[in-house]
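Going by the working numbering, the sequence shown opens with residue 1183, and the numbers climb by one from there.
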Amino acid sequence: MMKASVFMAALLHNVGSRSDEESLEVINKLGAAAAKIATDAMYIITHKVTMRKKMYRQFFNIAKAERLWLRAIKNMWDRNGYIKVDLYNAVNNSLHAMFCLRKYDHHKIWIKLEKIQDVLLNINTYRQNLTSEGILKYPSTYNTLPQPVWFGLFDVERRKKKRALRWMKLQIKWLKRTGKWVEPMSDEFSLIF
């Protein structure tokens, strides 16, 4: 897997560069490196990893690579100006959302995974716009997140239903213990359990 030193060297070069050609070359290198890291991480997640913390670490590597790549784009826009305000705001919001990932501790792994999911899916929504702006030369190499695999790992609605059902069972257990439980007249309610 590619090391972060590649990104840091490219970022330092991007800060010192003054021409659009140099900046775009660095951005494309960062984008290709991010795609490589994402491909390796997705292979590990789908074939090797079962523990949540290790899965989170792989997705965090993807987010870190994407953050450095977006930071290079934002640096170029801050130096030379930008045309599309909504695209600039989208990149800026993604960078801010990645920075906010730090506040979640390790006891909230699924929350962290959901937040990373939101950030990376948001990046994929405007990735094509970056291509149309001429920032990305080869858009096909930047599909870092296969949608079927991604949504299979994060079935948020199913987890919400399971959480609500577990909470309902705890409430009924507490009501029965305190003697406040009244058996329902309909058999439909019992089908839930």
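Glycine included, C-beta positions come from ideal geometry on N, C-alpha and C.
- For the pair A1272 and L1212, the CB atoms are not nearer than the 7 Å cut-off.
- Its Cα nearest to that of L1206, the residue N1257 stands out among N1304, N1257 and I1354.
- For Y1270, the closest C-alpha among the options R1284, I1305, Q1240 and K1362 is that of I1305.
- In this structure, I1298 sits away from A1223, with a CB-CB distance that is not shorter than 7 Å.
- In this chain, the alpha helix (DSSP H) harbouring Y1270 covers V1267 to F1281.
- When the five nearest sequence neighbours on each side are left out, the beta carbons in the same chain lying within less than 7 Å of the beta carbon of L1252 are those of V1273, S1276 and L1277, in order along the chain.
- From the listed residues K1355, A1220, L1312 and A1217, the smallest Cα separation to W1259 is found for L1312.
- Shown here, Y1238 sits in a helix according to DSSP, grouped into three states.
- With respect to N1243, I1219 sits close: the two C-beta atoms are nearer than 7 Å.
- The Cβ neighbour count for V1267, taken over all protein chains shown within 10 Å, is under 16; the residue is labelled exposed.
- Take the alpha-carbon of L1303 and the one of T1360: they are about 46 Å apart.
- In the same chain as F1241, and ignoring 5 residues on each side of it, the C-beta atoms closer than 6 Å to its own belong to I1298, in chain order.
- Leaving aside the five residues that flank A1247 on each side, the residues in its chain whose CB is nearer than 6 Å to its CB run, in chain order, A1216 and I1219.
- Linking K1343 to G1263 through their CA atoms gives a straight-line distance of about 46 Å.
- The three-state reading of DSSP puts Y1225 in helix, counting H, G and I together.
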